[in-house]
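*Asks:* My questions will all concern the structure given below.
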Amino acid sequence: MKLNNLILASMLTLISFSSAAKVNDLMQEVKISAASQEADIKNNQIIFNGPVEVTQGSIKIKADELRAFSKENSTGRILVATGNPATYSQVMEDGRPASASAKEIRYELSTRTLTLVGDATLEQEGSQVTGNQIRYNIEQQQLIAESTGNDRVITIIQPENYQEEIDSGNEQQPEKQEKQ
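Take the sequence shown: its letters are residues -21 to -1, 1 to 159, numbered as in mature numbering (1 follows the signal peptide of the UniProt record, and there is no 0).
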């Protein structure tokens, strides 16, 4: 039981992605830059063809294609970025980057929720979570990672002095484990 509490505390500390996220980011306008766009006004949807880049403060999403729409009878906007992979990055309050990648990144602006689907990875300061699907509520700092079939959710937690070693230039490469 004590080991489970220690693991949980470590994960919460390392993956509390937004505890230091820039609060101003979520208050900024969303800007979408693309090679071209098509509007389907009847279905309240815009398709941006890539390369596509979405920015909101320090938040950046890069993709091959982006669909922007609102659910029927809803004012909440949803952005669905697809790519091989699509990527998400954000600079934290302390200036350190956090990033994510997946085949599909769904960003629901009204709920401040990211859903990463297909080879999903969420990384901060060398620690990472990978799985088939990762849901992360930026505002509430809640993360759920899931995998399907025989795939597993993998969490890699770096030692506490990992960032200090990188900053001082004494980085020692951790041994890579082969996938089984």
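Backbone N, C-alpha and C fix where the C-beta goes; we use that ideal spot for every residue, glycine too.
#1: I believe alanine 42 touches glycine 29 by the beta-carbon criterion, under 8 Å. Please report the beta-carbon distance rounded to the nearest angstrom.
#2: In whole angstroms, what is the alpha-carbon distance linking proline 76 and isoleucine 113?
#3: For the region 19 to 69, which segments carrying the beta strand (DSSP E) assignment without a break, of at least 3 residues, lie completely within its bounds, in sequence order?
#4: Taking alanine 99 as the reference, give the member of Phe27, Gln35, Ala13 and Thr61 with the closest Cα.
#5: If we count the other Cβ atoms within 10 Å of its Cβ and call it buried at 16 or more, is residue 181 buried or exposed?
#6: With a floor of 3 residues, list each beta strand (DSSP E) that falls wholly inside the region 89 to 126, ordered by position along the chain.
#7: Cutting at 8 Å between CB atoms, please list the residues of its own chain near alanine 13, excluding the five before and the five after it.
#8: Can you give me the Cβ contacts of glutamate 139 inside the same chain, cut-off strictly under 8 Å, excluding the 5 residues immediately before and after it?
#9: How many Å lie between isoleucine 40 and serine 68 at the Cα?
#10: Which residues mark the beginning and the end of the beta strand (DSSP E) in which residue 188 is found?
#11: Could you tell me which residues DSSP pairs with glutamate 17 in its beta bridges?
#12: Distance check for glutamate 104 and residue 243, CA to CA, integer angstroms please.
*Replies:* Based on what the coordinates show:
#1: 6 Å
#2: Rounded to the nearest angstrom, the two C-alpha atoms are 18 Å apart.
#3: 24 to 35 and 38 to 49
#4: Thr61
#5: In the structure as shown, the chain begins at -21 and stops at 159. Residue 181 is therefore absent and cannot be evaluated.
#6: The qualifying runs are 92 to 103, 106 to 116 and 121 to 125.
#7: Setting aside the 5 residues that flank it on each side, alanine 13 is surrounded in the same chain by Phe27, Asn28, Gly29, Pro30, Val31, Glu32 and Leu45, each with a C-beta closer than 8 Å to its C-beta; the list follows chain order.
#8: Closer than 8 Å at Cβ, skipping near neighbours: no residue.
#9: 7 Å
#10: Outside the displayed span of the chain (-21 to 159) sits residue 188, for which this structure offers no information.
#11: Ile26
#12: Within the shown structure, residues of the chain are numbered from -21 to 159, placing residue 243 beyond reach of any answer.
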